[in-house]
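Its first residue numbered 349, the sequence shown is counted upward by one per residue in our numbering.
Note that beta-carbon positions come from the ideal geometry of N, C-alpha and C, so glycine has one too.
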Amino acid sequence: MTGRTTASPTEPGKTGMEIRRSGSQPSGKGPSEWFTGVVRVDPLFSPDEPARAGAAQERPSVAPKSMQAIAPGLADDTDRVLFGDVWLRPQLAPRDRSLVTLAVLIATGKTAQMGGHLGRGLANGLKPVEIAGMVTHLAFHAGWPNAVSALEVIERTFTERGIDVAALRRDAGTPGRTTASNRVGPEAEVPGAGADPLAPRFAELTHDVIFGDLWHRSDLTPRDRSLVTLSALAAAGDLGGFGEEVRRGSGNGLTKVEIGEALTHLAFYAGWPKASAAISVATKALDGPAPGPKVQVVPPGRSPVAVPAANFTGSAFLTSSFKGTGGASLGGGTVTFQPGARTNWHTHPLGQLLVVTEGRGWVQAEGEPVRAITAGDTVWIGPGVRHWHGATRTGAMTHVAVAESADGRSVVWLEPVTEGQYAGP
Ligand code: MN
349 MTGRTTASPT
359 EPGKTGMEIR
369 RSGSQPSGKG
379 PSEWFTGVVR
389 VDPLFSPDEP
399 ARAGAAQERP
409 SVAPKSMQAI
419 APGLADDTDR
429 VLFGDVWLRP
439 QLAPRDRSLV
449 TLAVLIATGK
459 TAQMGGHLGR
469 GLANGLKPVE
479 IAGMVTHLAF
489 HAGWPNAVSA
499 LEVIERTFTE
509 RGIDVAALRR
519 DAGTPGRTTA
529 SNRVGPEAEV
539 PGAGADPLAP
549 RFAELTHDVI
559 FGDLWHRSDL
569 TPRDRSLVTL
579 SALAAAGDLG
589 GFGEEVRRGS
599 GNGLTKVEIG
609 EALTHLAFYA
619 GWPKASAAIS
629 VATKALDGPA
639 PGPKVQVVPP
649 GRSPVAVPAA
659 NFTGSAFLTS
669 SFKGTGGASL
679 GGGTVTFQPG
689 ARTNWHTHPL
699 GQLLVVTEGR
709 GWVQAEGEPV
719 RAITAGDTVW
729 IGPGVRHWHG
739 ATRTGAMTHV
749 AVAESADGRS
759 VVWLEPVTEG
769 QYAGP
C-alpha cells in the first residue's frame, strides 16, 4: 500500500505507468508528407473582372421591350451588367447560375420570369430531371404552394419544348437512405430538430424526410442541393440557419468562390439587401470561428485557481485549464505544486498524460517505488491506476495534465498521501 516496499523493475504495460525522458527518443525526419509547400487561399470575393463591354455590344438586347421603353437605364444594366458581365463571370458555371436563378424564382414565387430561365437553364446544361428534383427539394424549403406554381410553368415549358414529361416521372429520383457514411449532419444543427415538445411530428419529418430522404435522392447531387438551398434561403431572407447551410455546402463541395459568386448573382434576382445580408452571414460562417473555436491558444498562467484542499496536500494551483470542444472528452490544465505539495491518491477512468514543464517532482503508482520526474518528462498513467504526483519536498514542480473523461468524470479522488508515504526515490 505504501508503494515503497516492492522495488521490482517496472514494465509499462504491466504496471500501467510509463515515463519518457525528454530527448531520449529523438524523432526522425518531420512528417513532410502531411504538408504541401504551396497553400492557396480562395477569397470569398474576387476582384471584379474588367467589364465585358465588347461582349455586351455583340449581343442582342435581352431586356424585355417594356423595360427598354420605360426604363432604358435598367435595360442597359440588364444587357451590360447582368447578362454582359455577371452571367459570363467564370467563377460560377452558367449551369450553376441557372440553378441559382431558378431556385430564387421558385422560392420567391416569381413564376412570370420562369419560362425564359427554364429555357436558358436547359441550354446551360440543366437536365429536366434535375429541374424536377430542384422543385421537389424547394417544396420543403419554400413551401408546397411555390412548388406547385413552379410545376405548372415547368410542365408548360417542357411540353412546348417536346420534353417527355411522362419519361421524367419514370426517371424521377429514387429516395435516398441515410446511412452512417452519408449522413448530412447532426440533427442538432437542423432547424426544427429541437422542436420536439411543441411539434413532435415536425421534428420527425425534419429528421426522416428532409435529412433521411430528400438530401439523398438521386435526382440532384448534394452539391446542387446546397446551392439550391442557399439560394432559396438567401432570396427569402431566411438566414436563421444560413451559416450552418453554408458550412454544409462547403462540405458538399461548393467552394468559397462559388458561394460568393452565387450570392452576388442572386443580388440581381432577389435584390441587393437580401444578397448583402446573406453575404454577411456566409462570410462569418466561412471565415469566422466555427461553433467552438477552431484553434484555441491559451497563454501560460491564465486564470489561476487554487486546487481543492480536499484533494491535495500543501499549496498547488491550476492555470490554463481547457476542455475539448465538439464532443471531445479531452480536458486538463497546468498544475504548479509548491515544495511539499502533492495530490491525494487518485485514479483516472481513462488514464492521464502528464508533461513536466518546470522543476522536479515525484510520481508514484500504488505498489511501485516513487519516481523522480523532471522538466521535459512525459508520464502516462494507465486507466484506473491508483497513483499520486507532486513536487519534491524542497522544490516546486509544474506539469500539464491531460485526461479524457468517462461519463463526465476524469478523476476519482481518494485518501491523502501521508507524510510517511511522501518521500523521494
Ligand atoms: Mn493523476
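For Q712, the CB stays at least 6 Å from every heavy atom of the ligand MN. For S497, the CB contacts under 7 Å within the same chain, skipping 5 residues up- and downstream, are G457 and T459 in chain order. Of the residues assessed, W563 falls on the buried side of the cut-off, its CB having 16 or more other CB atoms within 10 angstroms.
I607 carries a helical assignment under DSSP once its states are collapsed to helix, strand and coil.
K622 places its beta carbon less than 7 Å from that of G585. Comparing C-alpha distances from V452 to each of E366, T766, Q769 and H613 shows the shortest one belongs to H613. When DSSP reads this structure, W620 sits in no beta bridge, so it has no partner. DSSP places T766 outside both helix and strand once states are collapsed to three, so it counts as coil.
The stretch 660 to 678 makes contact with the stretch 743 to 761; the number of CB pairs closer than 8 Å reaches 3 or more. Comparing C-alpha distances from S628 to each of S574, L430, A582 and G491 shows the shortest one belongs to A582.
At least one heavy atom of the ligand MN falls within 6 Å of the beta-carbon of Q700. W620 and R504 have their alpha carbons spaced roughly 31 Å apart. In the displayed model, E503 falls within a helix according to three-state DSSP.
Sequence-distant partners of G732 (beyond 5 residues in either direction) whose C-beta falls short of 6 Å from its own C-beta, in its chain, are T695. With contacts defined as CB atoms closer than 7 Å, S669 and G681 qualify as a contacting pair. Taking 7 Å as the cut-off, the beta carbon of G756 is found no closer than this to the beta carbon of G730. Here L701 is not near V683, since their CB atoms are 7 Å or more apart. Distance from the Cα of V718 is smallest, within the candidate group A744, T705, R690 and V703, for R690. According to the DSSP assignment, F431 belongs to no alpha helix (DSSP H), since it is labelled neither H nor E. According to DSSP, F670 shares a beta bridge with G680. Separation of T705 and P656 (C-alpha to C-alpha, rounded to the nearest whole angstrom) is 22 Å. With fewer than 16 other CB atoms across the displayed protein chains lying within 10 angstroms of its CB, P773 is exposed.
A distance below 7 Å separates the beta carbons of A610 and V448. A check of alpha carbon separations from F590 across R565, D572 and L634 identifies L634 as the nearest. Taking a contact to require three or more Cβ pairs closer than 8 Å, the stretch 436 to 443 and the stretch 483 to 496 do not qualify as touching.
Inter-segment contact for the stretch 707 to 722 and the stretch 760 to 772 is present: three or more beta-carbon pairs are separated by less than 8 Å. Looking from the CA of F616, the closest CA among V557, L422 and M365 belongs to L422. The beta carbon of V513 sits closer than 7 Å to those of E503, F506 and T507, all from its chain and outside the five residues before and after it, given in chain order. Under the three-state reduction of DSSP, Q712 is assigned to strand. A distance of 7 Å or more separates the beta carbons of N600 and R565. The continuous alpha helix (DSSP H) containing I418 extends over residues K413 to I418.
Measuring C-alpha to C-alpha distances from A739 to each of W728, A771 and V759 identifies A771 as the nearest.
Membership of A583 in the alpha helix (DSSP H) is indicated by the continuous run P570 to A584.
For G707, DSSP records a beta bridge to M745. In terms of Cα proximity to L470, the closest of A618, Q769, R509 and P648 is R509.
Ranked by Cα distance from G649, the first of H737, M365, L450 and H747 is H747.
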